[in-house]
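Using numbering that gives the first Met the number 0, read the sequence shown as starting at 0 and increasing by one per residue.
A virtual CB, placed ideally from N, CA and C, is assigned to each residue, including glycine.
Report on the following structure.
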Amino acid sequence: MSDVPAIAAEGATVVLDGTTLLAPTTFTVLPGELRCLTGSNGSGKTTLLRAFLGSRRLTGGAVLVRGETVDMARPRHRRFVASLVEPVPVARDMTLREQVTLVAASWYGNTTATAERADGIIGRLGLTALGERFPSQLSSGQLQLFNLALTLVRPADVVLLDEPERHLDTERVGLVATLLAERAAQGTSFLVATHEPAVVEACDGVTELG
């Protein structure tokens with residue numbers, strides 16, 4: 000496993016109109032590491048995730064992806080990083096299975112293996128029975144799992160997640176925590192903002208903000 004960090008924060012700081020949204024923060028996440036961000040509301044967890052996406056400008060320090068400054072205008076960075084930080088756009092008139100398969104096909108091509116990949120992540124998240132439903136027919140918890148499926152079905156070296164446990168019951172939180180740990184063991188690096196002890200327990204390391 001490479002010792003080069005998959006992602007790194009080097010004194011990353013955000014101050015807006017005199018208010019500190021993110022105090023200086025430094026840490027690294029190695030390839031295959033599942034790292035949690037914890038801290039109270041307002042401590043800067045989401046702000047930091049957005050900085051790694053390039054949608055929140057730093058006022059000090061740096062955030063790096065594989066040693067490079069974050070720039071999602073670059074195709075290679077868009078391929079490196081998948082995220083569920085902002086709401087995922089969904090199509091109202093396509094079924095859950097159609098949309099997950101479409102996202103997979105956009106990265107892997109329209110093949111039988113792609114369809115199997117989509118069905119695999121749908122199954123791992125317990126959504127197989129809901130595959131022919133439309134987003135408007137899902138509960139808030141089911142919609143969260145659908146968003147996770149759309150995020151995790153695509154290739155990525157780094158995955159950024161903001162409270163993946165949102166709207167989920169205890170059983171499904173455990174399912175998600177197990178899936179993230181499995182993906183990390185396969186080499187994907189995760190940075191996960193969470194309040195959920197079960198997710199924290201699955202992490203290899205924790206960075207507490209605030």
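- In this structure, Leu129 is the residue among Leu129, Thr177, Pro23 with its C-alpha nearest to the C-alpha of threonine 94.
- Runs of the alpha helix (DSSP H) lying entirely within the segment 138-186 and spanning at least 4 residues, in chain order: 139-151, 169-184.
- Counting along the chain, threonine 111 sits inside no beta strand (DSSP E); it lies in the alpha helix (DSSP H) bounded by residues 111-123.
- Residues of the same chain with a CB within less than 8 Å of the CB of glycine 125, apart from the 5 flanking positions on each side, are Leu144, Arg171, Leu174 in chain order.
- Only residues of its own chain outside the window of five on either side were considered, and among them Leu33, Ala176, Thr177, Leu179, Ala180 have a CB closer than 8 Å to the CB of alanine 201, listed in chain order.
- Here glycine 186 has Pro30, Gly31 as same chain residues with Cβ atoms under 7 Å from its own Cβ, once five neighbours each way along the sequence are excluded.
- When the alpha-carbon of proline 134 is set against those of Val13, Pro4, Arg96, the nearest one is in Arg96.
- In the DSSP annotation of this structure, proline 23 is not part of any alpha helix (DSSP H); the continuous beta strand (DSSP E) holding it starts and ends at 18-28.
- Annotation: the continuous beta strand (DSSP E) that includes serine 82 extends over 80-83.
- With fewer than 16 other Cβ atoms from the protein chains shown falling within 10 Å of its own Cβ, threonine 25 counts as exposed.
- Around the CB of proline 4, 16 or more other CB atoms lie within 10 Å, so the residue is classed as buried.
- Under the DSSP definition of a beta bridge, valine 191 partners with Cys35, Leu160.
- For the segment 34-107, the full-length alpha helix (DSSP H) segments reaching 4 residues or more read 44-52, 74-79, 95-107 along the chain.
- In the structure shown, leucine 208 falls within a coil segment according to DSSP collapsed to helix, strand and coil.
- Here DSSP, grouped into helix, strand and coil, assigns glutamate 131 to coil.
- Here leucine 159 really is in contact with leucine 52; their C-beta atoms are around 7 Å apart, less than 8 Å.
- The beta carbons of isoleucine 121 and threonine 113 sit no closer together than 8 Å.
- Per DSSP, valine 198 is one residue of the alpha helix (DSSP H) stretching across 196-201.
- Of the residues Ser82, Leu101, Ala81, the one whose Cα lies closest to the Cα of alanine 90 is Leu101.
- In terms of Cβ geometry, alanine 72 and arginine 153 do not form a close pair [threshold 8 Å].
- Taking a 10 Å sphere around the C-beta of serine 54, we find fewer than 16 other C-beta atoms and assign the residue as exposed.
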